[in-house]
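Trainee: The structure that follows is given in the form of structure tokens.
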Amino acid sequence: MMRFMLLFSRQGKLRLQKWYTATAERDKKKMVRELMQVVLARKPKMCSFLEWRDLKIVYKRYASLYFCCAVEEQDNELITLEVIHRFVELLDKYFGSVCELDIIFNFEKAYFILDEFLMGGEIQDTSKKSVLKAIEQADLLQEVCVCMLCILECCLHGSQDQTCYLNSHLVAPYSFISS
């Protein structure tokens, strides 16, 4: 079982963290700091697997981001490497060639994608198509909710304008609403 996943930059900035076991905040910070130092100090040609404390660490660098997973000793490192790769593929499909800025400015989507793919440290769904469809449906639901909030806001404030802006979303004219 995966204990946690970290995404961090070459500069040592934590971009995403997901913990699958209960760990105290103080311990998390210490573990993150230690692990980033260990991984960032390794040379590019070195093996992507290492033993750390009572865990196996599996990491892979994609562009400027390190994807790092801690798994139990009996877990297969190659499967974990494939889990990392699948997560990157899902991010790429969603963002269209994902980069560090996508993770920074859309971290909630990155977490959502990870949660659709992994649950409790185990693979929940191996199908890229299925995961991406769930994300697409969630995006659509979010859009509908934004539209409904906009319409409600316009009704409550008695807006005379036939278009409404909320969170930078242009909502279709709502002429069916009486003022």
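Sequential numbering of the sequence shown, starting at 1384, is according to the numbering used here. Backbone N, C-alpha and C fix where the C-beta goes; we use that ideal spot for every residue, glycine too. Predicted model only: the values in this text are computed from it and were never measured.
In this structure, does DSSP put K1428 in helix, strand or coil?
Mentor: Counting from 1 along the sequence shown, the entry for residue 1428 is found at position 45. In this structure, K1428 counts as coil in the three-state DSSP scheme.
Trainee: Which two residues bound the contiguous alpha helix (DSSP H) that contains S1513?
Mentor: As a first step, residue 1513 is located in the sequence shown; it is residue number 130 there, counting from the start. From DSSP, the alpha helix (DSSP H) with S1513 extends over K1511 to H1540.
Trainee: D1485: beta carbon under 6 Å from a heavy atom of the ligand PLP?
Mentor: Looking at this structure, you won't find the ligand PLP or any other ligand, since it has none at all.
Trainee: Here's the rule: buried if 16 or more other CB atoms are within 10 angstroms of the residue's CB, otherwise exposed. What is L1501?
Mentor: As a working mapping, residue 1501 is identified with position 118 in the sequence shown. So L1501 ends up on the buried side.
Trainee: Could you name each continuous alpha helix (DSSP H) segment of 4 residues or more that falls completely within the segment 1474 to 1510, going from the start of the chain to the end?
Mentor: The segment 1474 to 1510 contains these whole alpha helix (DSSP H) runs: 1483 to 1488 and 1490 to 1500.
Trainee: Using a Cβ-Cβ cut-off of 8 Å (strictly less than) and excluding sequence neighbours within five positions of A1514, which residues of its own chain qualify?
Mentor: Here the question's residue 1514 lines up with position 131 in the sequence shown. Reading the sequence as shown, one finds Val at residue 1514 and not Ala. The residues are L1473, I1496, E1499, F1500 and D1508.
Trainee: Count the other CB atoms within 10 Å of the CB of K1396; is the residue buried (16 or more) or exposed (fewer)?
Mentor: Numbered from its first residue, the sequence shown carries residue 1396 at position 13. Answer is exposed; the Cβ neighbour count stays below 16.
Trainee: Does the Cβ of M1388 have 16 or more other Cβ atoms within 10 Å, making it buried, or fewer, making it exposed?
Mentor: Residue 1388 sits at position 5 when you count from the first residue of the sequence shown. Under this definition M1388 is a buried residue.
Trainee: Determine, using beta carbons only, whether M1419 and G1504 come nearer to each other than 7 Å.
Mentor: Residue mapping note: residue 1419 aligns to position 36 of the sequence shown, counting from 1. Residue mapping note: residue 1504 aligns to position 121 of the sequence shown, counting from 1. For M1419 and G1504, no; Cβs fall outside 7 Å.
Trainee: Note down the Cα distance separating E1460 from H1540, rounded to an integer number of angstroms.
Mentor: Translated into positions along the sequence shown, residue 1460 becomes position 77. Translated into positions along the sequence shown, residue 1540 becomes position 157. The alpha-carbon atoms of E1460 and H1540 are separated by roughly 57 Å.
Trainee: Taking DSSP as the reference, what is the three-state secondary structure of E1456?
Mentor: The residue given as residue 1456 occupies position 73 in the sequence shown. In this structure, E1456 counts as coil in the three-state DSSP scheme.
Trainee: Taking just the CA atoms, how far does C1538 sit from V1421?
Mentor: Locating residue 1421 in the sequence shown gives position 38, counting from the first residue. Locating residue 1538 in the sequence shown gives position 155, counting from the first residue. Each residue's alpha carbon lies about 56 Å from the other.
Trainee: Taking the alpha-carbon of A1493 as reference, which of S1392, Q1394 and Q1400 has the nearest alpha-carbon?
Mentor: Indexing the sequence shown from 1 puts residue 1493 at position 110. Answer by Cα proximity: Q1400.
Trainee: Quick one: give me the first and last residue of the beta strand (DSSP E) that R1386 is part of.
Mentor: Within the sequence shown, the letter at position 3 stands for residue 1386. That run of the beta strand (DSSP E) goes M1385 to S1392.
Trainee: What is the DSSP secondary structure of R1444, counted as helix, strand or coil?
Mentor: Numbered from 1 along the sequence shown, position 61 holds the residue referred to as residue 1444. Looking at R1444 - three-state DSSP - the assignment turns out to be strand.
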